[in-house]
Every structure is written in C-alpha cells, then in structure tokens.
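A.B. asks: Protein chains in written order, with our numbering: chain A, 2 to 310; chain B, 3 to 369. We put the CB at the ideal spot given by N, CA and C, even for glycine.
1) Checking contacts by CB at 9 Å: is residue 53 (chain A) closer than that to chain B?
2) Beta-carbon separation of residue 139 (chain A) and residue 83 (chain A) under 9 Å?
3) Answer with buried or exposed for residue 169 (chain B), where buried requires no fewer than 16 other C-beta atoms within 10 angstroms of its C-beta.
4) Would you mind giving the Cβ-Cβ distance between residue 213 (chain A) and residue 25 (chain A), rounded to the nearest angstrom? I have them listed as a contact below 8 Å.
5) What is the C-beta distance between residue 55 (chain B) and residue 94 (chain B), in whole angstroms, given that I count them as a contact (C-beta under 8 Å)?
6) Output, in chain order, the set of chain A residues within a Cβ distance shorter than 9 Å of residue 213 (chain B).
7) Start and end of the alpha helix (DSSP H) containing residue 348 (chain B)?
8) Report the option in A:36, A:289, A:231 whose CA atom is closest to the CA atom of residue 272 (chain A).
9) Could you compute how far the alpha carbon of residue 99 (chain B) sits from the alpha carbon of residue 85 (chain B)?
10) When we look at the beta-carbon of residue 141 (chain B) and count the other beta-carbons within 10 Å, is it buried (16 or more) or exposed?
11) List the residues that DSSP assigns as beta-bridge partners of residue 264 (chain A).
12) Classify residue 66 (chain A) as buried or exposed, calling it buried when 16 or more other Cβ atoms lie within 10 Å of its own Cβ.
13) For residue 90 (chain A), does the three-state DSSP call read helix, strand or coil?
14) With H, G and I counted as helix, E and B as strand and the rest as coil, what does DSSP make of residue 272 (chain B)?
15) What does the alpha-carbon distance come out to for the pair residue 28 (chain B) and residue 315 (chain B)?
16) Using only the alpha-carbon positions, how far apart do residue 370 (chain B) and residue 109 (chain B) sit?
17) Say whether chain A places a C-beta atom closer than 9 Å to the C-beta of residue 295 (chain B).
18) Relative to the alpha-carbon of residue 170 (chain A), which residue among A:119, A:153, A:206, A:148 has its alpha-carbon at the smallest distance?
19) For a cutoff of 9 Å on Cβ pairs, would you count residue 332 (chain B) as touching chain A?
20) Less than 9 Å between CB atoms is the rule here; does residue 74 (chain A) satisfy it with respect to chain B?
21) Who are the near neighbours of residue 196 (chain B) in its chain, counting only those whose CB is closer than 7 Å to its CB and skipping five residues on each side?
22) Short of 8 Å in beta carbon distance, which residues of its chain neighbour residue 49 (chain A), apart from the five on each side in sequence? Order them along the chain.
23) Taking residue 312 (chain B) as the query, report the chain A residues whose CB atoms sit under 9 Å from its CB, ordered along the chain.
24) Excluding the five sequence neighbours on either side, which residues of its own chain have a C-beta within less than 8 Å of the C-beta of residue 171 (chain B), listed in chain order?
25) Check the Cβ of residue 70 (chain A) against every Cβ in chain B and list those closer than 8 Å, keeping chain order.
26) If I follow the unbroken beta strand (DSSP E) through residue 1 (chain B), where does it start and stop?
27) Do residue 10 (chain B) and residue 227 (chain B) have their C-beta atoms within less than 9 Å of each other?
28) Counting Cβ pairs, one atom from each stretch, are 3 or more of them under 8 Å apart for the region 263-272 of chain A and the region 223-237 of chain A?
29) Check for me: the beta strand (DSSP E) holding residue 90 (chain B) runs from which residue to which?
30) What do you get for residue 308 (chain A), buried or exposed, if any count of 16 or more other CB atoms within 10 angstroms of its CB means buried?
31) Would you mind sorting residue 243 (chain B) into buried or exposed? The rule is 16 or more other CB atoms within 10 Å of its CB.
32) Look up residue 26 (chain A) in the DSSP assignment and give the residues it is bridged to.
33) Pull up the CB-CB distance for residue 232 (chain B) and residue 203 (chain B), whole angstroms please, since I reckon it's below 8 Å.
34) Return the residue from the list A:251, A:64, A:69 that minimises the CA-CA distance to residue 221 (chain B).
35) Give every residue of the same chain whose Cβ lies closer than 6 Å to the Cβ of residue 209 (chain A), excluding the five residues on either side of it in the sequence, and list them in chain order.
36) Comparing C-alpha positions only, which one of A:92, A:277, A:122 sits nearest to residue 109 (chain A)?
Given below as structure tokens:
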C-alpha cells in the first residue's frame, strides 16, 4: 500500500515551472530517495507533500485520502536550510515544537530525554541554539523532526553539513526508524547513501520525473555489460589477455585473499569468451554482473535527458 | 487547535519579556517620561541669558526714561546723537526712538551688535506700546488716571471644574492645558507603541522566514494560527509594558511625590483637592498645582492607563495585522522599508487627528 501518492502535480512560480506533471508513489514503510540536480524541483515537491504550498494542478493522496492540514501531525519535516529559534534553549525549543505537533509536555520531555541520551547530548538541554555549532544544531533539529513519531518523515538533504561519524549515526537512525515502520522520504545528492539505504528512488530533472522505481531494479537495468570476476592468480596477465574483449578495468581485494576485477564488456564480446580466457589465465572463483552505481545512473540519465530536450 | 495558538502566544511572549532589553526599557522609560515632563521647567530655569545692555537714543523725550530694565535687559538713556552712540560697540545694541514714534509716523529702530533675540524685541515692543498707550491716555486729561489704570489692570486665574461628572465623585479639577498635554502625551505614546510593536511583528516574521523556522512551524500548524499567535503574543508584551508603567507611575505618585514636594506646595495641593483653595491667594501657578494634584491621584492614573490599554489593543490588532502582511510579502528588512512607509501614513494621520482632539475634546472631529 502506498502512503503517499502524488498524482500529476504541477507547480509554477513567476517566471519558471518548478514541477511539470510529476507523479510518484511512496510505498508504506519504505525509504524513498528523491534525487535530482540543484533546482530540479525536489524541494518544491517536498513542500507540496508537506502541505506548506499547494500544487497548481494535480493532487496528493496521503494514506488513502486527499492530503489535508490535519495530516501534517503525522509528518515530520527536516528542512534543507535548518531553522530553529536561535535565542531559545535547546530543551525548551524541542518541547515547544513537540507540543505544536500535539504531544503533551510530559510525554515530550520523556521522549526528548531518551533521544538526548542516545545522541549523547544531554548536556545541551539548557544551551541556546546560537551557542551550538551547525552540526550540533542539526542533531537537535533531527530530534525535533522525529520526536512525535510520525508515520511519514521528510528529510530535505539530511546529510549535508554532517561529518562522516554523524552522517553514519544519522544513517543508522534512519534505518532504525524504517524498522519501526516509518516511511521516509528524503532528497539528497549523496549517491552512496542512496545505494545504502533507499528502497525506491525518483530522479527529478528540469521539473520532470525522469526515472522512478526500485533501486536494485534500476541499478540492474543500468549495469549494461558490467561484470566482476573474483580469482586467485596474476591480475596483470589476466587484464592483458582480456584486453580486446573488455575495458575500464578496476581491481579490488576480495574475500579469502582473492582479488576482484571489474570491467566493462565490449559490445561485440560475450561473457562466455571472457570466462574461457580467464579460466586459462587464472583460477576463477566467481563471475557476477555488477550493479551500476547510482552516481553513474544519475549522471547518465540527466545528461541523456538534457541532450534530448 | 486553540491550544496551539496559546503555545505560540506563550513562546512569543516569554521570548520578549525575558530579554534584558525589555526589562531595562520597561524600568527606564517611566524615568525618562518624568524627565521629559520636567524638561520644560528646567529649560526655562536655565535658559536665561546674561544681561543685555541697550543704549537708548530717545528723540521723543518721553519713552526712554519710562523703559523698565529687568533681569535680562538694562536700558541706558543717553544724550548722545545716534551716530556717536552707534560708534560704541561695547553695548549689545542701540535703540533709536525718533520723535515721530509717539504718533506712529516714524519707526523705532534697534541697531543690534550681534544677534538680537526674539524675547528682547518683544520686550521692547511691549514696553514702548504700553508707554505710548499711557501717554496718549494722559492726553485726555482724565482725573485720577493712575488710580483708574491700576484698578483696571487685572490678573485673572481660572479654575475649571467638571460639572458633568458622576454624582458620587467629587467635582474633578480639570485644567485645559493639562488635559491637552495629557492627551498629546498619550497620543504620542500610543503612536510609539503601534510603530515599535507593529514593526516587531514584521521583523519577527521576516527573521523567521530568513532562518527557516517558519517552514518548520508551518509544517505543524496553520499559517493563520502562527500569525494570530504572533500578533497576540507581541501585543501581550506591549500590554504588560503599559501595565508595569502604569503601576510604576501610580506608585511614584502615591509614595515618592509626597516625599519630594516642598511643604507649602503640597499644602496648597491638599487644599485644592479639598476644594478650599482660594486661587487668588495661591503662590504657585494653577496649572502646576493641578498637574501635581493629578499626578498624586492614583485612581485617575490607573484609569488613564486602563483606557490607554484598551486603545492600544484595538490599534495594535489593526496595525500589527498590516505589518504582519508586509512581513509575509517581503524577504528582507530592506524591501520592507518601502511598503512600511505606506503604513506609517495612516498612523501619522491618526496622530494629527489625535492632537486636534486633544486640543478640543468636544470638537466634531473627535468623533
């Protein structure tokens, strides 16, 4: 069942079209990535789903009914440009926002204490936001977003501004929330995080939805003759012998002291040829079709689209 | 839903009331206001310049000797002709009275060394006029003229009493000058409050738009609720400030004023409040007495501030909403400036009307 159905939504601002007939379906309990170049219309789409702005045409269904103001209580929103009251103390502020979402003061305080302990920031309770660094404030903002345990979490660029350790912390929290059944929709430029945590993606470019679907399906579809071999033996010799059949070699360490060779098969070569040559040169352990990286898919799709239009 | 507005009101209110700047202005403003009231008296007390000496060349032969010297000006009649008197630049000026000045055919001339002052000129004109008047009256050869003139001169003091006040209330003293000053002062206070707090609503919206807090709040509550919460919250701050001022001023009136007033003035005030004071005998100016009497009337001050709050709430709701609209329409303070001037005009109109109404509370304009 889909928690969010965006149906043929268009939105224009003075001078430019932000979204043109965009449709997406976000399955309940999934992590859904919204990708696209800067200015493609991601944030506008997020704001429409969030009921901050209304679409010019089309509609948004939430949990089976048309999206209304009451549904925002079931959403948590982490805006791209983080905003908290600078002069307010961290704890006070978090309670304020939790109560705006309908939590009681006691319940909000209890949950906040839990989160602050988990993020190891209990000492910040009485600090003002302006005393915190940007990354620290983002942690607080994240807690404020998820505190009321909404059905749907919307993160706009959640990883920007976090150091690798905190980005990992954030990623783990997102996965933990997913396990609890929360649906998570987020926009990002961080393709590695998409491969790691997204179940579905939509690629928006120039206000259009140009690619939508399950991440693994998409990556498989775009692999286009990419294979990886694991083997023991002389990798230099292997590469030399495979050279006419394949190109773009890269190597890496694999399990059990083996090596891995990634390559792109030439259009006129077959996998059978590659295997027979490799068998003669090294001791082959496995042959796999490698999934395309989201990074390549992103660049290729956007460039193709821009060429056609 | 209502509780969310209450939450926003609470936040807006506490954020501002807890600020040091709020506490400081709230405590200091009444002092400044008192200083402002005392300022005219102080200015008069200290503005007296040094004595000016004026040489008088009198060709009429009767005006010069009758000119009265006072603290500011001393007149020295001289027999020198005008030219030699003018050669002496030590004095502050030379007053030349030609023979034809009495019958009005020739103008009196003041040759001034350095800038002359308004008060000097009006002093000279007043004196010469009155001397000529007296001289002309003498020409009619009326018997006992001096006694008659003395009897004619008067210095009337008027004490206005409200006839239409409630029966159980004492007849209230009401001085026109005082009520004008009060009306003017309160109009100005109202104007200041509308501008300052109206702008506070606007800047707070612009600020939250800039740092994106608004996005977060809008994702939780309806925009109208935020606006209502903001306007009410900031309005409450204004009301709190007025209440504190009212209490402070009433407190000063009740406890500090009696302590610092000289005994004879406070005795006269008590007498006037009791309705027993004979103004003709009083040593102090009536307006000042009435002002002091009013300042000492705690109930009246509280009532005054009560009305002020009522008007403040009404005016604030209107202007804050307009300011909020401006705040939502622009992205930064600079852009707001132009739109703001459009709003300031009606407030200034209101203030001009307010002043006219203060000058004549029963005029048709007041309604």
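C.D. replies: With the given structure in hand:
1) yes
2) yes
3) Unreliable positioning characterises residue 169 (chain B) in this predicted model, as indicated by a pLDDT of 44, which lies under 50. A coordinate reading is not provided.
4) 6 Å
5) 6 Å
6) 82, 83, 84, 85, 86, 87
7) 335-361
8) A:289
9) 13 Å
10) exposed
11) A:228
12) exposed
13) strand
14) helix
15) 18 Å
16) The structure shown has nothing for residue 370 (chain B), since chain B only spans 3 to 369.
17) no
18) A:119
19) no
20) yes
21) 317, 318, 321, 349
22) 7, 10, 12, 20, 55, 56, 61
23) Correct list: empty, because the minimum Cβ distance to chain A is about 31 Å.
24) Below a pLDDT of 50, predicted positions are generally treated as unreliable, and residue 171 (chain B), at 42, falls in that range; the measurement from the model is reported next regardless. Counting only Cβ-Cβ distances below 8 Å, and skipping sequence neighbours, we find nothing.
25) 224
26) With chain B covering only 3 through 369, there is no way to say anything about residue 1 (chain B).
27) yes
28) yes
29) It is not in any beta strand (DSSP E) - residue 90 (chain B) carries neither H nor E in the DSSP assignment.
30) exposed
31) buried
32) A:6
33) 6 Å
34) A:69
35) 21
36) A:92
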